[in-house]
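These notes are about the structure you will find just below.
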Amino acid sequence: MNAAPQPEYHAQERWSPDRPETLVVCCSDGRYHAQIEEFVRHEVSERADLFAIPGGPACVDPWTSSFDEARVFDQAMRLFSEAHDLHSVWLIAHHGCAYYALKHPGRKLEDVRALQVADLRAARARILAAHPRYTVRCVFAALVDDVVVFRDVGESAGAP
Ligand SMILES: [Zn+2]
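Be aware that the sequence shown starts at 157, since it is given in my numbering, and climbs by one per residue.
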């Protein structure tokens, strides 16, 4: 893509000691990261903590992922909540997630999406059980042509 790597790169963005107040839990899928970052900056935070793992919010609940994955998330969550001024968590699932495709082969896209939304809500319930004062937002990143559209799919928002 570009020339040989340089021994140093100086980031344009200045570092800030302010503690993040929002944790974003999303899939590792790099095709969505620029849009997720843009969405988070636009909606709330310059400096969100980021927990990116295949399947994203599926990892929160052992019943929607595995006990190993949920344990890793629990440990990270403990650190985030103790070391940072966290008061909100955003759970972002995305269209065409390979984690779901591998776990549920042959399922129709709309069935997988319904499953992802149910998993987002299960994840929110689990986080709220441990951290009742947090605000937890459930978001689905849909793909409309080549535009990523973020929709709130929390219980009050109805179907995706
Ligand atoms: Zn994914």
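By construction, the Cβ of each residue, glycine as well, lies at the ideal position given by its N, Cα and C atoms. Just so you know, these numbers come straight off a predicted model, no measurement behind them.
>> Rounded to whole angstroms, what is the Cα-Cα separation between ALA239 and HIS251?
In response: The residue you call residue 239 lines up with position 83 of the sequence shown. The residue you call residue 251 lines up with position 95 of the sequence shown. One alpha carbon belongs to ALA239, the other to HIS251, and they sit about 32 Å apart.
> First and last residue of the alpha helix (DSSP H) that includes SER237?
Replying inline: Locating residue 237 in the sequence shown gives position 81, counting from the first residue. Per DSSP, the continuous alpha helix (DSSP H) segment holding SER237 begins and ends at 223-239.
> In chain order, what residues of the same chain have a beta carbon less than 8 Å from the beta carbon of THR178, not counting five sequence neighbours either side?
Replying inline: Locating residue 178 in the sequence shown gives position 22, where the first residue counts as 1. Short of 8 Å from the beta carbon of THR178, and not among the five residues preceding or following it, lie these beta carbons of its own chain, in chain order: VAL196, VAL200, SER201, ALA204, ASP205, LEU242, HIS243, SER244, VAL245, TRP246.
> Buried or exposed: PHE223, going by 16 or more other Cβ atoms within 10 Å of its Cβ?
Replying inline: The sequence position of residue 223 within the sequence shown is 67, counting from 1. Under the 10 Å beta carbon count, PHE223 is surrounded by fewer than 16 other beta carbons and is classified as exposed.
> In terms of alpha-carbon separation, which member of PRO288, GLY211, MET233, PHE306 lies closest to HIS260?
Replying inline: Position 104 of the sequence shown, counted from the start, is the residue given in the question as residue 260. Looking at the Cα atoms, GLY211 is the closest of the given residues.
>> Along the chain, where does the alpha helix (DSSP H) containing VAL196 start, and where does it finish?
In response: Here residue 196 refers to the residue found at position 40 when the sequence shown is read from its first residue. Counting along the chain, the alpha helix (DSSP H) containing VAL196 begins and ends at 189-199.
>> Let's test the definition: count the other Cβ atoms within 10 Å of the Cβ of ARG293 and tell me whether it reaches 16, buried, or not, exposed.
In response: Sequence index remark: in the sequence shown, residue 293 carries index 137 (1-based). Buried: at least 16 other Cβ atoms inside 10 Å.
> Can you name, in chain order, every residue of its own chain whose Cβ lies under 6 Å from the Cβ of PHE306, other than the five neighbours on each side?
Replying inline: Numbered from 1 along the sequence shown, position 150 holds the residue referred to as residue 306. Excluding positions up to five away in sequence, the list reads PHE195, VAL295, ALA297.
> Tell me which same chain residues have a C-beta within less than 6 Å of the C-beta of ASP275, skipping the five on either side of it?
Replying inline: For this step, residue 275 is matched to residue 119 along the sequence shown. Within the same chain, ASP275 has close Cβ partners ALA214, THR220.
> Hey, ARG263 and GLU311: beta-carbon distance below 8 Å or not?
Replying inline: Your numbering for residue 263 matches position 107 in the sequence shown. Your numbering for residue 311 matches position 155 in the sequence shown. Not a contact, by the Cβ cut-off of 8 Å.
> Between which two residues does the beta strand (DSSP E) containing ARG293 stretch?
Replying inline: As a first step, residue 293 must be located in the sequence shown, where it is residue number 137. In the DSSP assignment, ARG293 falls within the beta strand (DSSP E) that extends over 291-300.
> Roughly how many angstroms separate the alpha carbons of PRO316 and ALA270, rounded to a whole number?
Replying inline: As a position in the sequence shown, residue 316 is number 160, starting the count at 1. As a position in the sequence shown, residue 270 is number 114, starting the count at 1. In this predicted model, PRO316 has a pLDDT of only 46, less than 50, meaning its place in the structure is not dependable; the value taken from the coordinates is given anyway. When rounded, the distance between both Cα atoms is 8 Å.
> Where does the unbroken alpha helix (DSSP H) through ALA286 begin, and where does it stop?
Replying inline: Along the sequence shown, read from residue 1 onward, the residue named residue 286 stands at position 130. Note, ALA286: alpha helix (DSSP H), 265-286.
> Skipping 5 residues on each side, what residues in its chain have a beta carbon closer than 6 Å to that of VAL180?
Replying inline: In the sequence shown, counting from the first residue as 1, residue 180 sits at position 24. Correct list, in chain order: VAL196, ALA204, LEU206, TRP246.
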